[in-house]
Structure formats: C-alpha cells, structure tokens
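To start, the structure itself, in structure tokens.
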Amino acid sequence: MHSFTTLPAAPGVGYKPQHYAEILAAAGPVGWLEIHAENYMGDGGRPLAQLRALAERFPISVHGVGLSIGGEGRLDAEHLARLKHLVGWLNPASFSEHLAWSTHDSAFLNDLLPLPYTNATLDRVVAHVDEVQDTLGRQMLLENPSSYLAFSESTWDEPDFLREIARRTGCGLLLDVNNVFVSATNLGFTPQAYIDGFALDQVGEIHLGGHDEDEDDHGAPLLIDSPGREVADPVWALLDHTLSLAGPKPVLIEWDTDVPDWPVLCEEARRAEEALARLAVAA
8 MHSFTTLPAA PGVGYKPQHY AEILAAAGPV GWLEIHAENY MGDGGRPLAQ
58 LRALAERFPI SVHGVGLSIG GEGRLDAEHL ARLKHLVGWL NPASFSEHLA
108 WSTHDSAFLN DLLPLPYTNA TLDRVVAHVD EVQDTLGRQM LLENPSSYLA
158 FSESTWDEPD FLREIARRTG CGLLLDVNNV FVSATNLGFT PQAYIDGFAL
208 DQVGEIHLGG HDEDEDDHGA PLLIDSPGRE VADPVWALLD HTLSLAGPKP
258 VLIEWDTDVP DWPVLCEEAR RAEEALARLA VAA
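Position 238 of the sequence shown, counted from 1, bears residue number 245 in our numbering, the numbering being contiguous throughout.
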C-alpha cells in the first residue's frame with residue numbers, strides 16, 4: 008500500500024462511503040481525505056477494503072473523536088490499542104484528536120465537552136497527549152474546541168493553553184476556523200485576534216465546517232457547531248485571514264451529517280482551493 012507521509016497544502020474532505028466511486032472517478036480539487044478513526048476500528052469488510060484502495064491514491068488523515076484527551080480519568084487502554092492497530096496498518100499522513108472530554112467514569116457522552124483552562128487541566132492533557140504519542144509512535148495534532156460558555160476558574164486563554172501543550176509534548180495543532188468563529192460569537196471575542204495569537208507555526212491542518220444560528224435566553228446570537236451544512240461566508244473570510252498569516256496549509260471541509268451529493272461537497276472544496284490560490288497570487 009502506498010504510504011503518504013504528509014498532507015498536501017490542498018483541499019481535503021471528510022470521506023463518506025456513498026462518495027467512493029465518484030472520488031475515484033473525479034476527485035476534482037480534493038487532494039486528501041479524512042476518516043474518523045472510530046468508523047474503522049472493526050475487522051475486515053467493505054469499509055476497510057475501500058479505505059485500503061483510497062489510501063493508494065490519497066493521503067489519509069485519521070481524526071479521532073473518542074479518546075477523551077481532556078477527561079479526568081485514564082485514557083481507555085482498549086480504545087487506544089484499537090487506534091494503534093488502525094494507525095499501524097494504515098500509516099496515515101496525519102492523526103488528530105480534540106481538546107475536549109467525552110467520558111466520565113464508565114459513561115460515554117455523545118458530545119465533545121470543553122475544559123477549564125487551568126494548570127491542573129494542562130498537566131492532565133499533557134500527560135494524555137504524551138501517552139497517545141508514545142503509544143502510536145508518532146506526532147498527533149490537537150484541535151481547538153467550539154465553546155458555548157467560559158469557565159470562571161480558567162487562568163489561561165485558549166491559544167496560549169494550546170501553545171503550551173504543543174511546547175511541552177511536541178504535538179502539533181489542528182486549527183478549526185469555524186470553531187474559532189463559533190466560540191468568538193458565543194463568548195464575545197474577536198476571531199481575528201484569536202487567530203493572531205494562535206501558534207500558527209504548529210498548525211498541521213485547518214478545518215472548516217458549517218454552523219447553525221440560534222439565540223440564547225437573553226436574545227443574543229448563539230452559534231452551534233454543526234458540520235451538516237455549507238461553510239458560512241464570514242468563516243471563509245476568517246480562513247483568508249488565517250492563511251495570510253500562516254501560509255498554505257491542508258484545508259479540510261467537514262460535512263458529517265445531512266451529507267450532500269459529491270458535486271456539492273466538491274464545490275466547497277473548490278472554494279478552499281480558491282482561497283489557497285489567492286494566497287499564492289498575493290505572494
């Protein structure tokens with residue numbers, strides 16, 4: 008099996024099996040694919056056969072959603088072992104997880120929940136990232152979350168917290184630009200200022216996705232991360248700002264629910280391609 012060691016500074020999309028034949032026939036601007044690790048931890052069958060075929064043609068990014076990197080308890084040894092097996096045979100170009108928690112005691116919560124940014128949390132996350140990287144024998148990327156509330160006990164701001172994790176562990180960062188926009192709207196900060204303070208030199212991937220608009224109990228705007236629709240125009244503008252500072256990066260279109268037909272997803276990837284092309288012209 009071909010082994011791509013890096014992701015290209017090109018558009019990628021989250022792979023969905025219904026697009027398999029079209030991707031092989033006409034990938035368009037799509038230069039790499041992302042899979043969710045938890046969908047490929049089983050034995051054999053069509054999903055793994057298709058993944059092996061795609062890995063011959065495209066660099067693959069493996070994105071985990073179930074490690075609960077920020078959880079208070081120990082990492083799930085069985086989950087980590089299955090992840091090690093997947094990463095071992097696939098040898099993806101990238102592996103990433105969320106700065107979030109989703110387990111407590113033996114309960115698994117079907118959501119990615121934020122953390123207070125304290126020294127105690129920092130030490131715990133650093134230990135978990137070290138364990139993942141030691142187990143997998145590779146660098147991982149850590150993704151910024153979307154936030155709906157701020158913890159009063161936080162003593163770090165998020166960009167500095169992520170920068171310090173990267174410094175201590177040697178991990179890279181995954182910058183989700185839509186999450187920045189969602190959090191900025193919900194918590195009342197400027198998304199451009201967040202990007203300006205982010206450790207962009209540590210970013211291995213950029214993610215884009217959709218969000219839903221709502222309002223809180225006081226009538227103020229409330230955005231909800233919802234990778235089931237097109238990327239909003241202000242998020243595209245924030246991508247332009249990000250790329251102007253960071254330079255070309257792999258840019259992923261996330262569309263995980265209400266998955267559209269391939270041409271619609273391809274068009275979103277084309278917009279990402281155009282953003283990267285504008286960067287090249289400006290240079």
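Every residue gets a Cβ at the ideal spot worked out from N, C-alpha and C, and that includes glycine.
Alpha carbon of residue i to alpha carbon of residue j, nearest angstrom
{"i": "residue 28", "j": "residue 131", "result": "43 Å"}
{"i": "residue 7", "j": "residue 30", "result": "Nothing about residue 7 can be reported from this structure: the residues present for the chain run from 8 to 290 only."}
{"i": "residue 273", "j": "residue 259", "result": "12 Å"}
{"i": "residue 33", "j": "residue 218", "result": "28 Å"}
{"i": "residue 214", "j": "residue 225", "result": "30 Å"}
{"i": "residue 207", "j": "residue 178", "result": "13 Å"}
{"i": "residue 168", "j": "residue 82", "result": "20 Å"}
{"i": "residue 277", "j": "residue 160", "result": "42 Å"}
{"i": "residue 150", "j": "residue 59", "result": "26 Å"}
{"i": "residue 275", "j": "residue 236", "result": "10 Å"}
Anticipated Cβ contact below 8 Å, residue i with residue j, distance rounded
{"i": "residue 229", "j": "residue 221", "result": "5 Å"}
{"i": "residue 76", "j": "residue 135", "result": "5 Å"}
Close beta carbons around residue i, own chain, < 6 Å, minus the five adjacent residues each side
{"i": "residue 153", "result": "186, 189, 190 and 232"}
{"i": "residue 165", "result": "none"}
{"i": "residue 4", "result": "Only positions 8 to 290 of the chain appear in the structure, and residue 4 is not among them; the question remains open."}
{"i": "residue 363", "result": "Outside the displayed range of the chain (8 to 290) lies residue 363, so it cannot be described from this structure."}
{"i": "residue 66", "result": "11, 14, 39 and 100"}
Residue i in three-state terms, based on DSSP
{"i": "residue 40", "result": "strand"}
{"i": "residue 10", "result": "coil"}
{"i": "residue 103", "result": "strand"}
{"i": "residue 214", "result": "strand"}
{"i": "residue 25", "result": "helix"}
{"i": "residue 49", "result": "coil"}
{"i": "residue 263", "result": "coil"}
{"i": "residue 76", "result": "coil"}
{"i": "residue 237", "result": "coil"}
{"i": "residue 183", "result": "strand"}
{"i": "residue 160", "result": "coil"}
{"i": "residue 208", "result": "helix"}
{"i": "residue 19", "result": "strand"}
8 Å Cβ shell around residue i - same chain, five flanking residues per side excluded
{"i": "residue 251", "result": "286 and 289"}
{"i": "residue 143", "result": "90, 91, 94 and 102"}
{"i": "residue 46", "result": "54"}
Residues near residue i in its chain [Cβ-Cβ closer than 7 Å; skip 5 each side]
{"i": "residue 117", "result": "A caution first: residue 117 carries a pLDDT of 43, below 50, which makes its placement in the model too unreliable to give a value."}
So does the stretch 36-47 actually touch the stretch 122-129, counting three or more Cβ pairs closer than 8 Å? Of all C-beta pairs linking the stretch 36-47 to the stretch 122-129, fewer than three are shorter than 8 Å, placing the two stretches out of contact.
Do the stretch 13-29 and the stretch 260-270 touch if we need at least three Cβ pairs shorter than 8 Å? Touching, per the Cβ criterion.
Does the stretch 85-98 come close enough to the stretch 196-212 that 3 or more CB-CB pairs lie under 8 Å? No, the stretch 196-212 does not touch the stretch 85-98.
Using 8 Å as the Cβ pair cut-off and three pairs as the minimum, do the stretch 69-80 and the stretch 41-56 touch? With a cut-off of 8 Å, the stretch 41-56 and the stretch 69-80 count as touching, because enough Cβ pairs lie within range.
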